[in-house]
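Trainee: Sharing a structure with you now.
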C-alpha cells in the first residue's frame, strides 16, 4: 500500500462529467489498495469568471480581497469532488488550505509556503478517507486567506506529498507527460519517460509549461518523486525522480522507466528536451561606466522594480572608452516598470542609451553533462547557423544552454535543434499529441 | 456617530450593478459619520447554481461538504463588495464567518451560533474600515465550516449587532418593510412603521417571510433594534424595537415612529398584522388511549423524528370510550418521516387511526393585548364566518390567535380578517407594493 498524492488541474474538473471521471480514477486508486490525497484546482473557467466580476467593480482590487475571492473557486471544486467520491461509496472529506495546514507568509497573490501542518489530512488517511485539499491557497499567520500565485496548485500538491512522505505525487494534466519539445511546434517530439529533478527544473524555468518551477523546486528539495500524466488516459506519463529517490518508488515506477534511469548513468550527454519561452523582452544599457559596482547598482534598481531577470550578458568595454554594454531579458509584464526605474536613475548610472526590444525568443537545451561535452554547443550553434538563425545572447549552466533569437525565428530554431540532436520520434515511437493545450 | 450593522440579501447583490448600488449606500452611511459593519449573502443565483452542480454529482451529499460548497457563495460576494467599496475610496475588508468569530455547533446545514468573538471586526471598526462579513456561515470547534440554515444571514447580522453593541441592525431586502398582511394577497395592506419584538416574533413564527424567526429571537434576547427596509429606496421601513431599547436609538428612529410607539401604550388592543403559512400539513391521531403520559409519549416520538410542531389540539375523550383525538400541524417536509415514526409505534401508542391532511392554511392575527380583549376573537371568528370559511383548529397566545383553514380558503380568510380589523389603507395611506417577492 502506497500513499499517493494526486493533483488535478482546472481542465480535469471543468464540469460535472469531468469531475465524475476524476472521482472514478480516485476511487480506482483507492480500490487498488492505496491511500489517496487529492489536490484540486478551481473548475475550468471559474477563476476567469471571478476575475471578470472583479473587473466590473474595481480598477485595482486590494490583493487581500482578490485572494479571498479567488480562493472560493477551490472550495467549490473540492467539495463537489468530495461529494462525487462519496457517491461512489468511498468516504472523502475536503479541506481548505487553512484546514490542511498550508501556512504561508502574507504576500497576497504570490504567497510563499512557510510551513506544512497537514494534521487533519493525516488523520483522514488513518481513518481510510480520501482527503481532498484545495490547491493554490493557504493561510497567513494573521489568519488571512492567501493564494500561492501561478503554479500554486502544483506547489500545494508537492508540498503536501513532502510533508506526508508520500510515495509519489501524480500531476494530472491534459497531456500525457513532458515532451522533448512542445508538440505544437515540433510534431515529432517524443514523450520523455523519465527526467532527473535538476533537468526538470531547468526545463520548467525556461518555458516548459506543464510543471511549474516552484513545484519542481519543492520536489527537488524534498526528493518527492513526481509523475506527470494525463487525466484522460491510464498510460504512464513522465516520471521525475533521481536514482536515490525513495526505495518504495521501485514498486511504483515501471521497469521501463527504471531502465531508462540506469542507461542515463552510463551515457553522456543525454539531452532531456528543449524548452522555449516567448514571454521575455530584452533591455540593453548602452555605454554604462565600466566602474566597479556599476552593474551591481543597475541590478539593485531592477530588483527594486520587482523584475525577475533571466539572462544577462555584459560585453567587454570598448577599448579606451571605459564604457560597456549590458543586456538582460526579463518578463514582458515587468518591462515598462523596469525601464522607468532605470531612466529615473540615469544620472547615477551614467549610461548613454537604453534600448528596448519587446518580444524575444529564448530556446533552452537541457540535459546532463553538457558543459563537459564541447560537442553539444558546437552541434547547437551549427544547427542554428544552418537554419539561418541569428543568435543574440547565450548563457550556459551545468545542464543547460540558452540562446536568445528573434521571436519569429523561435519555432524554426526549436525544430532545427530537435532534429540535430536526434530527438525526433522514429516511426515506431511516434505518439499522437492528444492534449487540448499546454 | 452610531455603529450600524447592515445586512444585504442575495437579491441586493445579484450582479455588478446591484453591488455598486449597495457599495454606494454603504459609503454614504460612512460619509454621514457612522461606523458600518456589513453582512452579505451570496449573489443572486449563486446558491441555486451550486446546488444544481451538486445535484449532478450526488443524490445525497454529505452535509459537511454541502456546507463547504455553499459557503463559497458568500466569499465571492463579500470580497467583491469590499472591492467595490474600496474603489469608491472607503477602506473595506471582508471576513469569513470564521474570521469574524461566528462560532457554532457542528450541526452542518443548520448550525446554531454558540458564541460571537468578532475581534477582527471590532479592530476594523477602530481603524475606520468598513467590515464586510459573510452571512449564513460560521466555524465549529472542530474548525469545520458550517452554515446556519434558513434565515442564516439575518441571524449573523443580528448576532453581530448584539456582540458589537450596535445601535441598529438594518435588514435590507426587496420590499420596504413589514406589512399588515402579504400585499400579494391583500393589495390594501399597509406598511407597519413600528413593531414590538414580541409581535414580530409571532409574525415571523407564523409565516411572515421577510424576517427569519431565529434572527428576531436573537434581536429580542439581546434587545437589538432592527430596521427592515428596501435596498432600492431611501425611505424608512419598519422599525422593530421595544420602548426600552437603547437610548441612543432615539436619534436614529424617526419621530413619527417614536410617536407610534407612544400611541401603542395607550391604545389596546393594537393589531400589528396578519401572517399566513401554507407550508404546514395536519396529522390527526384518532382514538388514542386517554391515559396519563400518552400525549407526552406521542410528542416524544414526533420530536425524535425531527419534526417541529406548530399547533396542537386535543379534544376531550368521547364519553365512556376512554379514547381521545389529537391533531397537530407540522412542516410538510417533515410529514412522511413523522408518520412512519408514529406508525412504527402503533402498538405502544394504542391508537385507532392516523389521518393525514397534506396542505392546510394557517392564519395568525398578531397584536398586543389580545387575550384580555374578548372583542378580538369575536371579531375574528365573526369575519371568517361571514366569509363562509370553516375553522378547523384554533390556538391562542398572549399576543396571537391562529386558526387552521383549508388551503384554498386561506387568501380569502386573510383579506376578510384584514378588512374586519380596519387594517386596509385609506386612499391617502395607500402604498404601492414595489417588491419582487417576499
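Residue numbers (the UniProt record's numbering), protein chains in the order written: chain A, 1 to 438; chain B, 1 to 438. Every residue gets a Cβ at the ideal spot worked out from N, C-alpha and C, and that includes glycine. The structure displayed is predicted, hence computed values, not measured ones.
1. Can you name, in chain order, every residue of its own chain whose Cβ lies under 6 Å from the Cβ of residue 9 of chain A, other than the five neighbours on each side?
2. For residue 143 of chain A and chain B, any beta-carbon pair shorter than 8 Å?
3. Do we get a CB-CB distance below 8 Å when we pair residue 79 of chain A with the residues of chain B?
4. Give the residues of chain A in contact with residue 126 of chain B, contact being defined as C-beta atoms less than 7 Å apart.
5. So, at 6 Å on beta carbons, what are the nonlocal neighbours of residue 471 of chain A in its own chain, with the 5 sequence-adjacent residues on each side left out?
6. Would the region 9 to 21 of chain A and the region 108 to 123 of chain A be scored as touching if the rule is three or more Cβ pairs under 8 Å?
7. Residues of chain B with CB closer than 8 Å to the CB of residue 76 of chain A, please, in chain order.
8. Taking only beta-carbon atoms, is residue 256 of chain A less than 8 Å away from chain B?
9. Taking the beta carbon of residue 126 of chain A as the centre, do at least 16 other beta carbons fall within 10 Å, making it buried, or is it exposed?
10. Taking the alpha-carbon of residue 338 of chain B as reference, which of B:323, B:412, B:194, B:303 has the nearest alpha-carbon?
11. State the start and end residues of the unbroken alpha helix (DSSP H) segment that holds residue 63 of chain B.
12. If you follow the beta strand (DSSP E) that residue 323 of chain B is part of, which residue opens it and which one closes it?
13. Is residue 153 of chain B close to chain A, meaning its C-beta is less than 8 Å from at least one C-beta of that chain?
14. Are the region 78 to 96 of chain A and the region 63 to 83 of chain B in contact at 8 Å, needing three or more beta carbon pairs?
15. Return no unless some Cβ of chain B is closer than 8 Å to the Cβ of residue 86 of chain A.
16. Does the count of Cβ pairs from the region 189 to 198 of chain A and the region 128 to 135 of chain A closer than 8 Å reach three?
17. Using a Cβ-based criterion (distance less than 7 Å to any ligand heavy atom), does residue 289 of chain B qualify as near the ligand NAD?
18. Would you say the region 329 to 346 of chain B touches the region 354 to 366 of chain B, given that touching needs at least three Cβ pairs under 8 Å?
19. Between residue 273 of chain B and residue 178 of chain B, how many whole angstroms is the CB-CB distance? I'm expecting something under 8 Å.
20. Exposed or buried, what is residue 384 of chain B when buried is set at 16 or more other beta-carbons lying within 10 Å of its beta-carbon?
21. I'd like to know whether the C-beta of residue 118 of chain B is nearer than 8 Å to at least one C-beta of chain A.
22. Leaving out the 5 sequence neighbours to the left and right, which residues in its chain are closer than 6 Å to residue 346 of chain A when beta-carbon positions are compared?
23. My assumption, with CB atoms under 8 Å, is that residue 143 of chain B sits in contact with residue 99 of chain A. Please give the rounded CB distance.
24. If you follow the beta strand (DSSP E) that residue 406 of chain B is part of, which residue opens it and which one closes it?
25. Skipping 5 residues on each side, what residues in its chain have a beta carbon closer than 8 Å to that of residue 343 of chain B?
26. Flag this pair as yes or no: are the beta carbons of residue 106 of chain A and residue 140 of chain A separated by less than 8 Å?
27. Work out the CA separation of residue 218 of chain A and residue 150 of chain A for me, nearest whole Å.
28. Pick out the complete alpha helix (DSSP H) segments inside the region 205 to 251 of chain A, 4 residues or longer, and give them in chain order.
29. Bridge partners of residue 27 of chain B, per DSSP?
30. Compare the Cα-Cα distances from residue 419 of chain A to each of A:82, A:23, A:405, A:365 and report the closest residue.
31. Does the Cβ of residue 101 of chain A have 16 or more other Cβ atoms within 10 Å, making it buried, or fewer, making it exposed?
32. Whole angstroms are fine: how far does the CA of residue 28 of chain B sit from the CA of residue 409 of chain B?
33. Can you grab the Cα-Cα spacing for the pair residue 189 of chain A / residue 233 of chain A, in whole Å?
34. Whose Cβ in chain B lies nearer than 7 Å to the Cβ of residue 24 of chain A?
35. Do you know whose CA, among B:422, B:57, B:362, lies nearest residue 376 of chain B's CA?
36. Please return the same chain residues whose Cβ sits closer than 6 Å to the Cβ of residue 255 of chain B, not counting the five positions on each side in sequence.
Mentor: Working from what's here:
1. Within the first chain, the letter at position 9 stands for residue 9 of chain A. Correct list, in chain order: 41, 173.
2. Here the question's residue 143 of chain A lines up with position 143 in the first chain. Chain B, which has a Cβ nearer than 8 Å to the Cβ of residue 143 of chain A, makes this yes.
3. Sequence index remark: in the first chain, residue 79 of chain A carries index 79 (1-based). Chain B contact via Cβ: present.
4. Counting from one through the second chain, the residue named residue 126 of chain B turns up at place 126. Per Cβ cutoff of 7 Å: no residues; residue 126 of chain B is ~16 Å from chain A at best.
5. Look at the range of chain A in this structure, 1 to 438, and you will see that residue 471 of chain A is not part of it.
6. No: fewer than three Cβ pairs fall under 8 Å.
7. Within the first chain, residue 76 of chain A is the residue found at index 76, counting from 1. Residues of chain B passing the Cβ test: 50, 53, 69, 72.
8. Here the question's residue 256 of chain A lines up with position 256 in the first chain. Low per-residue confidence applies at residue 256 of chain A: pLDDT is 46, beneath 50, and the placement is therefore not dependable enough to give any value.
9. Numbered from its first residue, the first chain carries residue 126 of chain A at position 126. Exposed.
10. The residue you call residue 338 of chain B lines up with position 338 of the second chain. Nearest C-alpha to residue 338 of chain B: B:303.
11. Reading the second chain from its first residue, position 63 is the one you call residue 63 of chain B. It spans 63 to 87 - the alpha helix (DSSP H) in which residue 63 of chain B sits, taken as one unbroken run.
12. Along the second chain, read from residue 1 onward, the residue named residue 323 of chain B stands at position 323. It spans 323 to 331 - the beta strand (DSSP E) in which residue 323 of chain B sits, taken as one unbroken run.
13. For the purposes of this step, residue 153 of chain B is taken as the residue at position 153 of the second chain. No, because no Cβ of chain A sits closer than 8 Å to the Cβ of residue 153 of chain B.
14. yes
15. Translated into the one-based positions of the first chain, residue 86 of chain A becomes position 86. Yes, because at least one Cβ of chain B sits closer than 8 Å to the Cβ of residue 86 of chain A.
16. no
17. No copy of the ligand NAD occurs in the structure displayed, which carries no ligand at all.
18. yes
19. Here residue 273 of chain B refers to the residue found at position 273 of the second chain. Here residue 178 of chain B refers to the residue found at position 178 of the second chain. Contact flag correct, Cβ pair sits at about 7 Å.
20. Here the question's residue 384 of chain B lines up with position 384 in the second chain. It counts as buried.
21. Working through the second chain from its first residue, we reach residue 118 of chain B at position 118. No, its Cβ sits nowhere closer than 8 Å to a Cβ of chain A.
22. What you label residue 346 of chain A is simply residue 346 of the first chain in a count that begins at 1. Cβ neighbours of residue 346 of chain A beyond the five flanking positions: none.
23. Here residue 143 of chain B refers to the residue found at position 143 of the second chain. Here residue 99 of chain A refers to the residue found at position 99 of the first chain. Yes, they are in contact, since the Cβ atoms of residue 143 of chain B and residue 99 of chain A sit about 6 Å apart, within 8 Å.
24. Counted from its first residue, the second chain places residue 406 of chain B at position 406. Taken as a continuous stretch (DSSP letters only), the beta strand (DSSP E) holding residue 406 of chain B covers 400 to 406.
25. For this step, residue 343 of chain B is matched to residue 343 along the second chain. Correct list, in chain order: 354.
26. Against the first chain, residue 106 of chain A aligns to sequence position 106. Against the first chain, residue 140 of chain A aligns to sequence position 140. It is a contact, given that the beta carbons lie within the stated cut-off.
27. For the purposes of this step, residue 150 of chain A is identified with residue 150 of the first chain, where counting begins at 1. For the purposes of this step, residue 218 of chain A is identified with residue 218 of the first chain, where counting begins at 1. Roughly 14 Å separates the two Cα atoms.
28. The qualifying runs are 213 to 221.
29. As a working mapping, residue 27 of chain B is identified with position 27 in the second chain. Paired residues: none, contrary to the question.
30. To locate residue 419 of chain A, count along the first chain from 1; it is residue 419. Residue A:365 is the option with its Cα nearest to residue 419 of chain A.
31. Translated into the one-based positions of the first chain, residue 101 of chain A becomes position 101. Under this definition residue 101 of chain A is a buried residue.
32. Translated into positions along the second chain, residue 409 of chain B becomes position 409. Translated into positions along the second chain, residue 28 of chain B becomes position 28. Between residue 409 of chain B and residue 28 of chain B, the C-alpha separation is close to 46 Å.
33. Position 189 of the first chain holds residue 189 of chain A. Position 233 of the first chain holds residue 233 of chain A. Going from the Cα of residue 189 of chain A to the Cα of residue 233 of chain A covers about 19 Å.
34. The residue you call residue 24 of chain A lines up with position 24 of the first chain. Going along chain B, no residue has its Cβ under 7 Å from residue 24 of chain A, so there is no contact; the nearest lies around 12 Å.
35. Locating residue 376 of chain B in the second chain gives position 376, counting from the first residue. Of B:422, B:57, B:362, the residue nearest in Cα terms is B:422.
36. Stepping through the second chain from its first residue, residue 255 of chain B is reached at position 255. Its pLDDT being 48, under 50, residue 255 of chain B is placed unreliably by the model, and the measurement read from it follows with that caveat. Closer than 6 Å at the Cβ level, and outside the excluded window around residue 255 of chain B, lies no residue.
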